[in-house]
Amino acid sequence: MRSDDDRILDFINDGISKLAEEDPDRPIDEIRDEIFKQLLPEVRSICPELSKEIDAGVKSIRISRTEDSARISKATLQENAIVFERAESLIACAELINRRLLDAFSTSDEVIKYVRSDDGSNMVQGNTLKLLMLLSMQGRICTLSSETVTLLKSGFLEGTFARQRTMYETVVILAVIGRGGPEIAERYQAYAAFEHLAELNALDHPESILIHDYSESDRQETEEQVRWGIQKYGDSIKRPYEWAKPLLPEKKGRIHFSDLDELITNFSIKGIYLTGNYGIHSGPFATINNVKFDRRYPFNSGPERIENEAVRNIIHVMSILLAVSVDNASRAATALLACLREVVPLGILDELHEDLIREISDL
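This is the structure in structure tokens:
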């Protein structure tokens, strides 16, 4: 009985002979690539028994991964139930504050100013823009917090590092915009046009496989906003973080995220931001650290049970970032809208945060 290797080799040799006869001058590397493309759709007919074995293996691993996920989630929830409950209450309170501030904005005199500017930019400006920026970012922090909790429950530690890195960056930018006047928010919005244009260019790239439905008018509008941004702020506005220049007047050369970070504060948790970088950037340490030498299949390819201490540390960091984002957004919104009563939910959020920290410390 011929082996699977023999059958595949026959297919390859036959294909090479045929293609070589059709074009004797064709490079052998191109012929090999072409044969490989022809081979893949035919593997079931060439090796039917092995194909059935592969199908069974796929089903077995799929079921095993589902069972592992359920087991990991159950164990993590059981051993950290109160911590997760406190964390989710904190996130819910942050979302409620976001909703209340948006409601306060919608009924305030500031709504009258929610109009397009008359300077040719066709953009919202002033304190209205600043407030909407802050609330948008604070709402995003709520989403990122929920993603972090979900990833922890599901056993994806490096995923939480990625989310918390994004949280950290968002909180820093939120704090920068909160500290600056309306001009900072306006410059931040102007830079968005350059990001959008870069995205449109990427979608139009010949090698892009992404499906898009933007119209030519979308591109024209974005290009017009880019021209307006350069005209108003200069060519440097196209560079990342240049929008924060008024807060860093003595900075020479390009502005980096680290400059914004130093301008605000590291909230005493920059260590977790740096710790997670190795996993986010596919560094060699992450590759080596994922090897479990005591297992038959040592390369981690699915969810893993996260140690309780790590779960609690990550939730602790998440809670600080969430609280800082709410505090910055709420203080600015309360001042702009003159709604002192919205200090009350902020006090309750602080109470929930203290409850969570106390719970983590007692475990």
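First residue of the sequence shown? That's 2 in the numbering used here, and the numbers climb one at a time after it.
Backbone N, C-alpha and C define an ideal beta-carbon position, used for all residues, glycine too.
query                                                                                                                                                      : result
Relative to the C-alpha of E263, which candidate in L249, H354 and R297 has its C-alpha closest?                                                           : L249
Run the CB neighbour count on P241, radius 10 Å, all protein chains shown included, and call it buried at 16 or more, exposed below.                       : exposed
Specify the secondary structure class of V292 as computed by DSSP and reduced to three states.                                                             : strand
Starting from H197, follow the alpha helix (DSSP H) in both directions and report where the run begins and ends.                                           : P183 to L204
Report all residues from its chain with a CB closer than 6 Å to the CB of V312; omit the five preceding and five following residues, and keep chain order. : N81 and L153
Let me make sure I understand the geometry here. Which of R342, L145, E225 and R306 has the alpha-carbon closest to that of D69?                           : R306
May I ask which residues mark the beginning and end of the alpha helix (DSSP H) holding H354?                                                              : V344 to D363
Could you spell out where the alpha helix (DSSP H) holding K154 opens and where it closes?                                                                 : G127 to S155
Could you work out which residue in R72, F37 and H317 is closest to G303 when comparing CA atoms only?                                                     : R72
Going along the chain, which residues of its own chain have a beta-carbon closer than 8 Å to the beta-carbon of E184, five neighbours each way excluded?   : P247
Looking only at C-alpha atoms, which of I315, I238, H206 and R87 sits nearest to Y169?                                                                     : I315
Give me the Cα-Cα distance between A88 and L357, rounded to the nearest whole angstrom.                                                                    : 7 Å
Beta-carbon separation of A186 and L338 under 8 Å?                                                                                                         : no
If we count the other Cβ atoms within 10 Å of its Cβ and call it buried at 16 or more, is M2 buried or exposed?                                            : exposed
Between the Cα of E352 and the Cα atoms of D328, Q226 and A336, which residue gives the shortest distance?                                                 : D328
Given a threshold of 16 other Cβ atoms within 10 Å of its Cβ, counted over all protein chains shown, does N290 qualify as buried or as exposed?            : exposed
From the DSSP secondary-structure annotation, give me the bridge partner or partners of F300.                                                              : V292
In whole angstroms, give me the CA-to-CA distance for D236 and T266.                                                                                       : 29 Å
According to DSSP, simplified to helix, strand and coil, what is I238?                                                                                     : helix
Could you give the C-beta distance for A330 and L135, rounded to a whole number, given that I count them as a contact under 8 Å?                           : 4 Å
Quick check: what's the CA-CA separation for D15 versus K38?                                                                                               : 14 Å
Let me confirm a value: A95 is counted as buried when at least 16 other C-beta atoms fall within 10 Å, else exposed. Which label applies?                  : buried
Between the region 294–302 and the region 140–148, can you find at least three pairs of beta-carbon atoms closer than 8 Å?                                 : no
Taking the alpha-carbon positions, what's the E343 to I98 distance?                                                                                        : 8 Å
Since F195 contacts K252 with CB under 8 Å, what's their CB separation in whole angstroms?                                                                 : In fact, because the Cβ distance is near 20 Å, the residues do not count as touching under 8 Å.
Measure from the alpha carbon of T167 to the alpha carbon of each residue in P42, R141 and P346, then state which is nearest.                              : R141
To the nearest angstrom, how far is it from the Cα of T223 to the Cα of L102?                                                                              : 30 Å
Out of L323, L341 and V345, which one is the CA nearest neighbour of M138?                                                                                 : L323
In angstroms with no decimal places, state the Cα-to-Cα distance between Q221 and T171.                                                                    : 29 Å
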